[in-house]
DNA sequence: TGCGAAACTAATGTCAGACATTTAAGCTTC
DNA sequence: GAAGCTTAAATGTCTGACATTAGTTTCGCA
């Protein structure tokens, strides 16, 4: 591991890159201990604070973890799916909000991906997945639920559907698409009629999954996408009209 | 922004979380300047190195950028799709390699997602996308190409297909699934016959996309998935046999 | 001899203060 | 008015120290 002396970037960034490359290339393997901060500062000819900044960068990406104490140090971290999920959700959410991605674009992406899970979900769903979906449907039908709670339950329903596909890679990739929609969905005010319609569509999807009916699941998702798109369109139209009068 | 005194976590981690929350919640908006390091260390009652470690954590996630000089400082960064792509690819690649995800699982996820793009790609593809796909197909047919270069070109072909869907959110989500497969694909040795078959399938897919034939595109991807799965299975079987004799 | 407590040690976590470097803005001079 | 100089404010880096944590070893006592 060595640095490029011609680079103008921060030393801590260069060091972080060097170590990251070593991890990616397999020179450093999972659970292996990195040299101590003092040793690293010797190796790279920089001070300990600089090394520490580099290590914090890597820790922020869950590439390493640190332990204090006599046998402590920095260790290459095995990135778990759980950690990767939450990182992905944060990034996706910010990506959408900061780049003013339209409701339509996000919706299209989300349902395109979700329909990709449909055949697998219909084939592999277990009783647990079905129970989770039914539980969320039940919750969504309860009166007095806030719009935010309704959206959160909607997300939980869809996550259960995705997880039913039984492919952790798929679940990981979709976590971002599904969860990042939530802030956009939260802009919508759901009437009782809207909710009833969505609950009915969720029910139809759950039925199709239970019967291992892949085309039916796809159709249900299509219908739900249409319904949601119309809701979003209405909200945007009303907002535009209001902005015009003001 | 305040810290929880009861927390046992690193101060720099707590500070990073506090600032991150402020960004996510919208208290800090894009391009807004954070207080200087000296001011932050006053606010949080910590030293400047500790503040700096916190800022480096945020910088590692592209949440902030820093500028030196008189009007410099840390600014809330607008996460671009480009940055998010590369982060996602790194995370996905490590996730797969560190968790020993099987070739079959990754392959299934990748093609399920890619087929989700097929209808959109067939509808919206531009001349540029078609040209990119054709160029990669041509490259794949050239003799003397290393297996690695062949895989890289394969990835480029699939990225062009995904981008043809014209949905940046979709492209972002799929970047991980497509690129993370490359290390797994690199384990395969492609015979001339294998390559010819793959090139033919790529050609069929490009034709279907050109003719805006969505079902044809899906079928082509299905065939390609089958072909790739068989190749992977062969490699694994041979490897298992070899390991047995040794 | 066995075991518990105390001391030791090596590592990360935090702090204080200093200097180096960069960059923009203001000032000065021609 | 424009070019160059000066200044100021910020980040980048270094040195050295102390605090805290958690294994490890050692010592003393029953």
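Residue numbers (the working numbering), protein chains in the order written: chain V, 454 to 699; chain P, 454 to 699. Built from N, CA and C at the ideal position, the CB exists for glycine as well. The structure displayed is predicted, hence computed values, not measured ones.
Rounded to whole angstroms, how far is the Cβ of residue i from the Cβ of residue j, which I believe are closer than 8 Å?
i: residue 540 (chain V); j: residue 579 (chain P); result: With 8 Å as the limit, residue 540 (chain V) and residue 579 (chain P) do not qualify as a contact, their Cβ atoms being about 33 Å apart.
i: residue 671 (chain V); j: residue 571 (chain V); result: 5 Å
i: residue 558 (chain V); j: residue 622 (chain P); result: 6 Å
i: residue 573 (chain P); j: residue 522 (chain P); result: Their Cβ separation, rounded to whole angstroms, is 45 Å, which puts residue 573 (chain P) and residue 522 (chain P) out of contact at 8 Å.
i: residue 503 (chain P); j: residue 464 (chain P); result: 5 Å
i: residue 490 (chain P); j: residue 505 (chain P); result: 6 Å
i: residue 546 (chain P); j: residue 633 (chain P); result: 5 Å
i: residue 617 (chain P); j: residue 577 (chain P); result: 6 Å
i: residue 501 (chain V); j: residue 551 (chain P); result: Actually they are not in contact, since the Cβ atoms of residue 501 (chain V) and residue 551 (chain P) sit about 28 Å apart, beyond 8 Å.
i: residue 569 (chain V); j: residue 565 (chain P); result: 4 Å
Kindly list, in the order they appear in chain P, the residues whose Cβ is closer than 9 Å to that of residue i.
i: residue 496 (chain V); result: Here the premise fails: no neighbours, minimum Cβ distance about 19 Å.
Given that residue i touches chain P, what residues does it touch there, using C-beta distances under 7 Å?
i: residue 658 (chain V); result: Going along chain P, no residue has its Cβ under 7 Å from residue 658 (chain V), so there is no contact; the nearest lies around 17 Å.
i: residue 632 (chain V); result: Result: empty, since nearest Cβ-Cβ is about 12 Å, beyond 7 Å.
Please classify residue i as buried or exposed, where buried requires at least 16 neighbouring CB atoms within 10 angstroms.
i: residue 607 (chain P); result: buried
i: residue 639 (chain P); result: exposed
i: residue 533 (chain P); result: exposed
i: residue 582 (chain P); result: buried
i: residue 509 (chain P); result: buried
i: residue 683 (chain V); result: exposed
i: residue 480 (chain P); result: exposed
i: residue 473 (chain V); result: buried
i: residue 484 (chain P); result: exposed
i: residue 482 (chain V); result: exposed
i: residue 494 (chain P); result: buried
i: residue 611 (chain P); result: buried
i: residue 525 (chain P); result: exposed
i: residue 527 (chain V); result: buried
i: residue 469 (chain V); result: buried
i: residue 585 (chain P); result: buried
i: residue 597 (chain V); result: exposed
Along chain V, which residues have their Cβ under 8 Å away from the Cβ of residue i?
i: residue 531 (chain P); result: 551, 552
Looking at residue j and residue i, is the spacing between their C-beta atoms short of 8 Å?
i: residue 704 (chain P); j: residue 587 (chain P); result: No answer is possible for residue 704 (chain P): it lies beyond the span of chain P, which begins at 454 and ends at 699.
i: residue 467 (chain V); j: residue 575 (chain V); result: no
i: residue 627 (chain P); j: residue 567 (chain P); result: yes
i: residue 548 (chain P); j: residue 625 (chain V); result: yes
i: residue 630 (chain P); j: residue 563 (chain P); result: yes
i: residue 635 (chain V); j: residue 604 (chain V); result: yes
i: residue 613 (chain V); j: residue 589 (chain V); result: yes
i: residue 681 (chain V); j: residue 560 (chain V); result: yes
i: residue 669 (chain V); j: residue 676 (chain V); result: no
i: residue 556 (chain P); j: residue 685 (chain P); result: yes
Residues of chain P with a CB under 8 Å from the CB of residue i: which are they?
i: residue 490 (chain V); result: The contacting residues do not exist; residue 490 (chain V) stays about 12 Å from chain P at best.
i: residue 570 (chain V); result: 565
i: residue 547 (chain V); result: 476, 477, 516, 532
Anything in chain V within Cβ reach of residue i, meaning under 9 Å, just list it in chain order.
i: residue 540 (chain P); result: 514, 540, 544
I want to verify the contact list: residues of chain V whose CB lies under 7 Å from the CB of residue i, in sequence order.
i: residue 556 (chain P); result: What residue 556 (chain P) touches in chain V: nothing, since even the nearest Cβ is about 11 Å away.
i: residue 629 (chain P); result: 626
Every unbroken alpha helix (DSSP H) within the segment 608-645 of chain P, with a cutoff of 4 residues, ordered by chain: Correct list: 621-632, 634-638.
Going residue by residue through the segment 482-530 of chain P, where are the continuous alpha helix (DSSP H) segments of at least 4 residues, counting only ones entirely within it? The DSSP assignment places 490-497, 501-513 as complete runs of the alpha helix (DSSP H) inside the segment 482-530 of chain P, in order along the chain (cut-off: 4 residues).
Starting from the N-terminal side, write out each stretch of the alpha helix (DSSP H) that is 4 residues or longer and does not extend beyond the segment 549-594 of chain V. 556-577, 580-594
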